[in-house]
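S.K.: Protein chains in written order, with this note's numbering: chain A, 326 to 623; chain B, 326 to 623.
Beta carbons: idealized from backbone N, C-alpha and C, even for Gly.
Please read these numbers as outputs of a predicted model, since none were measured by experiment.
1. Roughly how far, in whole angstroms, is the beta-carbon of residue 398 (chain A) from the beta-carbon of residue 429 (chain A), given that I think they are within contact range, below 8 Å?
2. Does the segment 367-387 of chain B come within contact of the segment 539-551 of chain B, defined as at least 3 CB pairs closer than 8 Å?
3. With H, G and I counted as helix, E and B as strand and the rest as coil, what does DSSP make of residue 519 (chain A)?
4. Comparing alpha-carbon positions, which option in A:482, A:536, A:478 lies nearest residue 561 (chain A)?
5. Specify whether the segment 455-466 of chain A and the segment 493-501 of chain A touch according to this definition: at least 3 beta carbon pairs, one from each stretch, less than 8 Å apart.
6. Roughly how many angstroms lie between the CA atoms of residue 340 (chain B) and residue 385 (chain B), to the nearest whole one?
7. Quick check on residue 365 (chain A): buried or exposed, where buried means 16 or more other Cβ atoms within 10 Å of its Cβ?
8. Let's test the definition: count the other Cβ atoms within 10 Å of the Cβ of residue 607 (chain B) and tell me whether it reaches 16, buried, or not, exposed.
9. Does the segment 391-408 of chain A come close enough to the segment 445-457 of chain A that 3 or more CB-CB pairs lie under 8 Å?
10. So, does the CB of residue 541 (chain B) fall closer than 8 Å to a CB anywhere in chain A?
11. Taking C-beta to C-beta, are residue 405 (chain A) and residue 353 (chain A) nearer than 8 Å?
12. Could you tell me the boundaries of the beta strand (DSSP E) in which residue 475 (chain B) lies?
13. Counting only the same chain and skipping the five closest in sequence on each side, list residues whose C-beta sits under 6 Å from that of residue 566 (chain A).
14. Could you check which residue in A:507, A:515, A:578 has the C-alpha nearest to that of residue 547 (chain A)?
15. Would you say residue 509 (chain B) faces chain A, with C-beta separation under 8 Å as the test?
16. Please confirm whether residue 610 (chain B) has its beta-carbon closer than 8 Å to some beta-carbon of chain A.
17. Go through its chain and collect everything with a Cβ distance to residue 555 (chain B)'s Cβ below 8 Å, but skip five positions before and after it.
18. Residue 503 (chain B) and residue 442 (chain B) look like a contact to me (Cβ under 8 Å); what is the Cβ gap, rounded to whole Å?
19. Given a cut-off of 8 Å on the beta-carbon distance, is the pair residue 440 (chain A) and residue 459 (chain A) in contact?
20. Under a Cβ-count criterion, where at least 16 other Cβ atoms within 10 Å of its own Cβ denotes burial, should residue 373 (chain A) be classed as buried or exposed?
21. Is residue 423 (chain A) helix, strand or coil by DSSP?
22. Whose CA, out of B:569, B:488, B:578, lies closest to the CA of residue 611 (chain A)?
23. Would you kindly work out how many angstroms separate the C-alpha atoms of residue 552 (chain B) and residue 457 (chain B), rounded to a whole number?
24. Closer than 8 Å, CB to CB, is residue 492 (chain A) near chain B or not?
25. For the segment 563-597 of chain B, which residues have a beta carbon sitting closer than 8 Å to at least one beta carbon of chain A?
26. Would you say residue 406 (chain B) lies against chain A (beta-carbon separation less than 8 Å)?
27. Closest by CA to residue 621 (chain A), which one among B:492, B:389, B:513?
28. I want to verify the contact list: residues of chain A whose CB lies under 8 Å from the CB of residue 619 (chain B), in sequence order.
29. Do residue 396 (chain A) and residue 416 (chain A) have their C-beta atoms closer together than 8 Å?
30. Report the three-state DSSP secondary structure of residue 531 (chain B) (helix, strand or coil).
31. Pick out the complete beta strand (DSSP E) segments inside the segment 565-600 of chain B, 3 residues or longer, and give them in chain order.
32. For residue 613 (chain A) and residue 614 (chain B), what's the separation of their Cα atoms in angstroms?
33. Mapping the DSSP letters down to three states, classify residue 332 (chain B) as helix, strand or coil.
34. Considering only C-alpha positions, which residue in the set A:387, A:455, A:490 is nearest to residue 437 (chain A)?
35. Distance cutoff 8 Å, beta carbons only. Does residue 602 (chain A) sit that close to anything in chain B?
Shown next as structure tokens:
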């Protein structure tokens with residue numbers, strides 16, 4: 326059985342990579358001093374969310390892995406003796422980029438590399454232009470704090486991704502995230518959008534008996550040429566949900582913040598004893614999950 | 326595009342089969358008179374929830390399909406010109422019983438037979454004694470009110486079941502249900518249990534862009550020999566959730582009631598245009614869903 330303090334670093338980002346990196350390091354140091362053993366950063370924490378428009382110059386933001394960015398996070402994990410979940414824009418080859426999540430263990434080793442599998446493409450979130458869909462599959466990696474699964478943002482909407490990560494043995498699934506409102510949404514559908522986002526992830530927690538953590542960025546990021554508005558309001562509200570579906574911690578919607586929660590594997594054990602959903606899965610009947618759809622004539 | 330009124334008949338059941346049947350017919354007539362085009366009954370509506378203990382005499386409650394019970398529901402559907410979703414205890418052969426959900430179209434035809442795929446077995450819910458796991462797979466049937474999927478109670482906890490039913494083209498997934506609190510739960514974990522039950526189904530609605538409806542029984546059913554208490558409080562609170570994850574209707578927790586909701590396929594269309602989760606499914610990466618688990622040495 327293990328029990329530890331998780332910290333989500335809900336951040337605002339500027340155009341200055343060094344400023345973002347230094348802020349992440351400073352918040353991580355504060356979290357570690359407060360006793361956190363696992364620290365999760367928001368999606369693509371080294372820059373503003375650059376996918377708001379399609380601009381080939383923005384591939385300059387990408388970096389190789391291993392490289393200067395990943396090595397700097399590795400040193401931080403080792404220095405603080407904590408697990409760090411870090412999201413980077415990976416340049417794998419010329420013309421081949423990924424949205425990649427790295428898990429560093431508390432000795433600085435990098436046992437986990439996950440490349441975002443589900444790539445969105447919506448007004449203001451033109452990720453299909455930048456990111457090749459991941460080829461890592463779904464993973465839970467052994468760390469000094471137990472088995473940790475990582476998925477990224479749009480993966481949040483896919484029960485298959487959560488299930489497959491849980492079947493790898495994850496105690497917790499952490500989602501570095503960048504989600505917000507277009508100015509045109511914030512007044513109308515905005516509340517429903519936020520509620521749906523939390524609801525689908527509560528579903529993953531209950532269905533799988535795992536902790537779910539989403540670490541979002543926060544604040545307004547200007548993008549004057551974005552259609553439908555002049556930028557995105559990232560809605561913060563990073564959260565942690567326990568294996569019973571209870572929302573045990575939520576951050577504010579407009580401020581930078583370190584959000585803490587206790588992760589207790591005994592709660593996973595007890596929840597799954599009483600609600601043994603894994604026991605009754607009808608694995609003989611699920612093969613159709615790999616179909617695109619079952620309507621239509623071919 | 327179609328738009329219709331759905332009615333869920335949240336009922337209490339007695340030991341008198343005829344009384345239960347007559348009550349269901351009466352409530353269905355009221356719902357049809359109020360304009361309902363699809364009517365859903367609770368799980369096993371012709372008797373108390375008999376699985377509270379394991380008693381071989383209770384197989385006497387089962388019936389063949391087609392048979393007197395199914396034919397009586399068929400006549401009701403035709404008389405009222407409505408679709409009826411009906412849950413029966415099916416005797417398929419000596420020693421072979423199912424928890425079966427039948428969909429009757431408004432002409433009395435029976436286009437849908439679904440046998441509960443996921444069978445629970447928990448204190449007070451000894452279903453593995455009574456029900457052979459279903460062999461129908463997941464279905465959405467064409468009715469005069471559009472494509473309707475049916476699943477049953479414990480299936481509610483399985484994202485695979487909801488996904489596979491949605492991929493069959495369902496606009497709505499209806500769950501006849503029998504869920505409640507043991508007296509020992511009601512004071513402590515009861516609220517969390519209810520919340521988790523609703524949360525996992527909100528997740529199905531959001532992930533699949535479908536309506537979700539759960540029709541539960543309500544009220545206390547005595548079972549003096551049940552360990553841990555003297556019966557079950559069925560918690561009612563039947564609900565309808567729209568494709569955006571909004572809870573659009575909820576019944577009371579302690580009274581019989583007809584719960585109505587408008588089902589509008591245009592809302593499915595618009596939700597899926599803005600949140601096109603089906604577009605981005607990574608069907609090349611989901612084959613591991615048919616594994617039991619991925620830990621262990623074999």
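M.R.: Inspection of the coordinates gives the following:
1. Here residue 398 (chain A) refers to the residue found at position 73 of the first chain. Here residue 429 (chain A) refers to the residue found at position 104 of the first chain. That belief holds up - the Cβ atoms of residue 398 (chain A) and residue 429 (chain A) are roughly 6 Å apart, short of 8 Å.
2. yes
3. Numbered from its first residue, the first chain carries residue 519 (chain A) at position 194. In this structure, residue 519 (chain A) counts as helix in the three-state DSSP scheme.
4. The residue you call residue 561 (chain A) lines up with position 236 of the first chain. If we check each option's Cα against that of residue 561 (chain A), A:478 comes out closest.
5. yes
6. Residue numbering aside, residue 340 (chain B) sits at position 15 when the second chain is read from its first letter. Residue numbering aside, residue 385 (chain B) sits at position 60 when the second chain is read from its first letter. The alpha-carbon atoms of residue 340 (chain B) and residue 385 (chain B) are separated by roughly 13 Å.
7. Numbered from its first residue, the first chain carries residue 365 (chain A) at position 40. That one is buried.
8. Position 282 of the second chain, counting from 1, holds the residue named residue 607 (chain B). Buried: at least 16 other Cβ atoms inside 10 Å.
9. no
10. The residue labelled residue 541 (chain B) in the question sits at position 216 within the second chain. Chain A contact via Cβ: absent.
11. Working through the first chain from its first residue, we reach residue 405 (chain A) at position 80. Working through the first chain from its first residue, we reach residue 353 (chain A) at position 28. Yes, these two residues count as a Cβ contact at 8 Å.
12. By 1-based counting over the second chain, the position of residue 475 (chain B) is 150. Here the beta strand (DSSP E) through residue 475 (chain B) covers 471-475.
13. On the first chain, residue 566 (chain A) is found 241 positions in, with the first residue counted as 1. So the qualifying residues of the chain are 527, 530, 537, 572.
14. The sequence position of residue 547 (chain A) within the first chain is 222, counting from 1. Among A:507, A:515, A:578, the Cα nearest to that of residue 547 (chain A) is on A:507.
15. Locating residue 509 (chain B) in the second chain gives position 184, where the first residue counts as 1. No - not a single Cβ of chain A is within 8 Å of the one on residue 509 (chain B).
16. Translated into positions along the second chain, residue 610 (chain B) becomes position 285. Yes, residue 610 (chain B) lies at the interface with chain A (some Cβ there is under 8 Å from its Cβ).
17. One-based indexing of the second chain puts residue 555 (chain B) at position 230. Excluding residues within five positions, the ones whose Cβ falls inside 8 Å are 508, 547, 548, 549.
18. Here residue 503 (chain B) refers to the residue found at position 178 when the second chain is read from its first residue. Here residue 442 (chain B) refers to the residue found at position 117 when the second chain is read from its first residue. Not confirmed; about 16 Å, so no contact.
19. Here residue 440 (chain A) refers to the residue found at position 115 when the first chain is read from its first residue. Here residue 459 (chain A) refers to the residue found at position 134 when the first chain is read from its first residue. In this structure, residue 459 (chain A) lies closer than 8 Å to residue 440 (chain A) by Cβ.
20. As a position in the first chain, residue 373 (chain A) is number 48, starting the count at 1. That one is buried.
21. Within the first chain, residue 423 (chain A) is the residue found at index 98, counting from 1. Looking at residue 423 (chain A) - three-state DSSP - the assignment turns out to be strand.
22. Taking the first chain and counting its residues from 1, the one referred to as residue 611 (chain A) is at position 286. Cα-wise, what sits closest to residue 611 (chain A) is B:488.
23. Indexing the second chain from 1 puts residue 552 (chain B) at position 227. Indexing the second chain from 1 puts residue 457 (chain B) at position 132. Whole-angstrom Cα-Cα distance: 24 Å.
24. Within the first chain, numbered from 1, the residue matching residue 492 (chain A) stands at position 167. Residue 492 (chain A) counts as touching chain B.
25. 569, 570, 571
26. Along the second chain, one-based indexing puts residue 406 (chain B) at 81. So no, residue 406 (chain B) is outside the interface.
27. Indexing the first chain from 1 puts residue 621 (chain A) at position 296. The residue with the shortest Cα to Cα distance from residue 621 (chain A) is B:492.
28. What you label residue 619 (chain B) is simply residue 294 of the second chain in a count that begins at 1. Those within 8 Å of residue 619 (chain B) in chain A are 492, 493, 494.
29. Indexing the first chain from 1 puts residue 396 (chain A) at position 71. Indexing the first chain from 1 puts residue 416 (chain A) at position 91. Result no, Cβ atoms of residue 396 (chain A) and residue 416 (chain A) do not sit closer than 8 Å.
30. Along the second chain, read from residue 1 onward, the residue named residue 531 (chain B) stands at position 206. Looking at residue 531 (chain B) - three-state DSSP - the assignment turns out to be helix.
31. 572-575, 582-589
32. Residue numbering aside, residue 613 (chain A) sits at position 288 when the first chain is read from its first letter. Residue numbering aside, residue 614 (chain B) sits at position 289 when the second chain is read from its first letter. Answer to the nearest angstrom: the Cα atoms are 10 Å apart.
33. Taking the first residue of the second chain as position 1, residue 332 (chain B) is located at position 7. The answer is strand: DSSP assigns residue 332 (chain B) an E or B state.
34. Locating residue 437 (chain A) in the first chain gives position 112, where the first residue counts as 1. When each option's Cα is compared against that of residue 437 (chain A), the closest is A:490.
35. For the purposes of this step, residue 602 (chain A) is taken as residue 277 along the first chain, with counting starting at 1. Cβ-Cβ to chain B under 8 Å: yes for residue 602 (chain A).
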